[in-house]
Every structure is written in C-alpha cells, then in structure tokens.
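*Asks:*
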Amino acid sequence: MRIFKLKGGKSLMNESEAFGRLASVKKTELEQLNLQAGTVLPAIEVKATEIICNRCGQKSSKRRAALPNEQYFCPQCKLLGRLSTLDVLYTIPEPNRFVEIYEPLSWQGVLSEPQTRCAQDLKVVVQQRKAHLLWAVTGAGKTEMLFEALAYAIKQKMRICLASPRVDVCNELFPRLKKAFQEVDILLQHGRQEQTYRYTQFVVCTTHQLVHFYEAFDVLIIDEADAFPFVNDKMLKRAVETARKKKVPCYC
Ligand SMILES: [Zn+2]
1 MRIFKLKGGK SLMNESEAFG RLASVKKTEL EQLNLQAGTV LPAIEVKATE IICNRCGQKS
61 SKRRAALPNE QYFCPQCKLL GRLSTLDVLY TIPEPNRFVE IYEPLSWQGV LSEPQTRCAQ
121 DLKVVVQQRK AHLLWAVTGA GKTEMLFEAL AYAIKQKMRI CLASPRVDVC NELFPRLKKA
181 FQEVDILLQH GRQEQTYRYT QFVVCTTHQL VHFYEAFDVL IIDEADAFPF VNDKMLKRAV
241 ETARKKKVPC YC
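Going by the UniProt record's numbering, 36 is the number at position 36 of the sequence shown; the sequence numbering is gapless.
#1: Check whether the stretch 10-24 and the stretch 71-78 touch, using three or more Cβ-Cβ pairs below 8 angstroms as the test.
#2: Grab me the residues of Phe181's own chain with a C-beta within less than 6 angstroms of its C-beta, minus the 5 sequence neighbours each way, in chain order.
#3: Any chance you could list the residues with Cβ under 6 angstroms from a heavy atom of ligand 1, keeping chain order?
#4: Can the beta-carbon of Leu35 be found closer than 8 angstroms to that of Leu89?
#5: Quick check on DSSP: helix, strand or coil for Val211?
#6: Check Cys252 in the structure and name its three-state DSSP category.
#7: Give the C-beta separation of Glu100 and Lys245 to the nearest angstrom, bearing in mind that I take them to be a contact with Cβ-Cβ under 8 angstroms.
#8: Here's the rule: buried if 16 or more other CB atoms are within 10 angstroms of the residue's CB, otherwise exposed. What is Leu67?
#9: Span of the beta strand (DSSP E) holding Leu41?
#10: Any contact between the stretch 112-126 and the stretch 144-157? By contact I mean 3 or more CB pairs, one from each, below 8 angstroms.
#11: Kindly indicate which three-state DSSP category Cys118 falls into: helix, strand or coil?
#12: Rounded to whole angstroms, what is the Cα-Cα separation between His190 and Cys161?
#13: What do you get for Gln201, buried or exposed, if any count of 16 or more other CB atoms within 10 angstroms of its CB means buried?
#14: Expressed to the nearest angstrom, what Euclidean distance is found between the alpha-carbon atoms of Thr85 and Ala140?
#15: Considering only DSSP beta bridges, list what Glu50 is partnered with.
#16: Pull the bridge partners of Thr91 from the DSSP assignment, please.
#17: With a threshold of 7 angstroms on Cβ separation, who are the neighbours of Arg176 within its own chain once the five nearest residues in sequence on each side are excluded?
#18: In the DSSP assignment, the beta strand (DSSP E) including Leu188 goes from what residue to what residue?
#19: Contact defined as beta carbons within less than 8 angstroms: I believe Ala216 pairs with Gly20. What is the distance between those atoms, to the nearest angstrom?
#20: If the criterion is Cβ atoms closer than 8 angstroms, does the pair Asp87 and Lys26 meet it?
#21: Whole angstroms is fine: what's the gap from Cys53's alpha carbon to Tyr102's?
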C-alpha cells in the first residue's frame, strides 16, 4: 500500500482512501503528490454564470458560490466538507482489494419460512445483479433476510454499502451487522460521528455520505428509501447513481 507523502515527509493520504471515492485534495498539495494511478478532476467547474460541483453534481449561481479572489465553492454540499475551486477530486477505480472470508456470517438465528423465501430471492438478486424492491413493515426482519445475500457478496469480494437517509437507522443497523458479520471490517459513516474514513469492504452510511463515493459498490442497498430527506432530493438520487458501479442496480 502506497502512502502519498508531502515533500516535508508528512503523510497526506493513504492510496486506498481514493479507491472508489472522490477524495478531495488541495491543489497546492496535489503538486507535491507523485500520483501513479487514478484520475484527478476539478472539484468545481466554473461556467459563464454558474458553477457545477463534480462531487454532488449540482449547479449554483456564481453569485451564491462566490469566495474572495475569484474563487468559488459549492453551497449545495458544503455540510459534507467545503469544496472549492482550490480543491481537486482524486479517484482510483475500485479494485475490490479485500481479504477472502470463507464463512462471513456469524449470525445463528433462524428465519421463518416466508422470510427464508425472501432471503433466497435476495441472494439471487445479488448473484444476478438485478434491481429489487423489498418492501416490508418495521419488525418484519428485513435486515436478517439480507444476511444470506450479504454473506454471498462478501465471499465474492464484492464491495457493499447499506445506506439510509436516517442517521438513527444507520446507528441501529451498524452494531447488528457487526455482530452478524464479526470477521468483516464494517465502517459507519454519517455527519454526526467522528469515525475517520478508511477503506473497508462494507460501509454503513447515510445517503448523504454517498456523494463521496464514485463507482465503488457492487451491492448498494437503500433502507427506508421513502424516508425524508431521500424522497425528492435529486442530489441524493444522483449520489446513489454515482456511488454504485456502472451497470450495478440499486436495491432500494
Ligand atoms: Zn457540491
């Protein structure tokens, strides 16, 4: 694993932080990196009357986005870390560089007959990379029904994301998934916690956090897709499209 270093020797970023991700780097620091692979793109594209953000894909008027010295920032995704014309986005194609886990599922529970049928359908959906809507009431065991499909995906070294518009749903799912997949490195990401980003096979995050990813996930599950703020939010819908690998459907 390469660590990109600044001239002074200070570690700037681990290469894996750019796997399937739009890592923001200051332009001034970029010049000091010796990039071997991957793509660098402008964070903000400046047009005649508006700017376009390459992270969230949204347009803003130049007036709203203006900073001193003719620089611009994206007001639309500023809560996810301010991105400006002083930054670039750096990405390395997702390599699925994960250790092989032969029996990832530690969960010992038993599913009912209808749940088992649903779980088998979901596994086929993942195997065939199809889109699927699982619509179940709270307490129906949706998460447990996903376990078999998730275990299959982990064994196949697929990268997985389970995202929800709601922080409380992420916080509730994370310990359950960690318990069910004890050998799997799972990362929790949302705006109200301090866990630093690192490259993992399995990510649990809010749909907002998906704007940081770029063609990263082989399996992307959106829980509570009908919840605010996901419904009718074009930035979040675009984030889902961008975060999953091309031709990988969305399971929401
Ligand atoms: Zn933006």
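All residues carry an ideal CB built from backbone N, CA and C; glycine is no exception.
*Replies:* In terms of the structure at hand:
#1: no
#2: Mapped onto the sequence shown, residue 181 falls at position 181. Within the same chain, Phe181 has close Cβ partners Pro104.
#3: Cys53, Arg55, Cys56, Gln58, Cys74, Gln76, Cys77, Leu83
#4: Residue 35 sits at position 35 when you count from the first residue of the sequence shown. Residue 89 sits at position 89 when you count from the first residue of the sequence shown. Not closer than 8 angstroms, so no.
#5: For the purposes of this step, residue 211 is identified with residue 211 of the sequence shown, where counting begins at 1. Helix.
#6: Residue numbering aside, residue 252 sits at position 252 when the sequence shown is read from its first letter. The pLDDT assigned to Cys252 is 44, lower than 50, so where the model puts this residue is not dependable; a value taken from the coordinates is nonetheless given after this. Coil.
#7: On the sequence shown, residue 100 is found 100 positions in, with the first residue counted as 1. On the sequence shown, residue 245 is found 245 positions in, with the first residue counted as 1. At roughly 20 angstroms, the Cβ-Cβ gap does not stay under 8 angstroms, so Glu100 and Lys245 are not in contact.
#8: Position 67 of the sequence shown, counted from the first residue, corresponds to residue 67. Its Cβ having fewer than 16 others within 10 Å, Leu67 is exposed.
#9: If you number the sequence shown from 1, residue 41 lands on position 41. Taken as a continuous stretch (DSSP letters only), the beta strand (DSSP E) holding Leu41 covers 39-42.
#10: yes
#11: For the purposes of this step, residue 118 is taken as residue 118 along the sequence shown, with counting starting at 1. If DSSP states are grouped into helix, strand and coil, Cys118 belongs with the helices.
#12: The count along the sequence shown starts at 1 and reaches residue 190 at position 190. The count along the sequence shown starts at 1 and reaches residue 161 at position 161. Cα to Cα, His190 sits roughly 13 angstroms from Cys161.
#13: Counted from its first residue, the sequence shown places residue 201 at position 201. Buried.
#14: Counting from 1 along the sequence shown, the entry for residue 85 is found at position 85. Counting from 1 along the sequence shown, the entry for residue 140 is found at position 140. Cα to Cα, Thr85 sits roughly 47 angstroms from Ala140.
#15: Residue 50 sits at position 50 when you count from the first residue of the sequence shown. Glu50 is bridged to Ser61.
#16: For this step, residue 91 is matched to residue 91 along the sequence shown. Note: Thr91 sits in a beta bridge opposite Thr39.
#17: Here the question's residue 176 lines up with position 176 in the sequence shown. The answer, listed in chain order, is Thr143.
#18: Here residue 188 refers to the residue found at position 188 of the sequence shown. Residues 186-189.
#19: As a position in the sequence shown, residue 216 is number 216, starting the count at 1. As a position in the sequence shown, residue 20 is number 20, starting the count at 1. 3 angstroms between Cβ atoms; contact.
#20: The residue given as residue 87 occupies position 87 in the sequence shown. The residue given as residue 26 occupies position 26 in the sequence shown. For Asp87 and Lys26, yes; Cβs fall inside 8 angstroms.
#21: As a working note, residue 53 is residue 53 in the sequence shown. As a working note, residue 102 is residue 102 in the sequence shown. Computed Cα separation, rounded: 41 angstroms.
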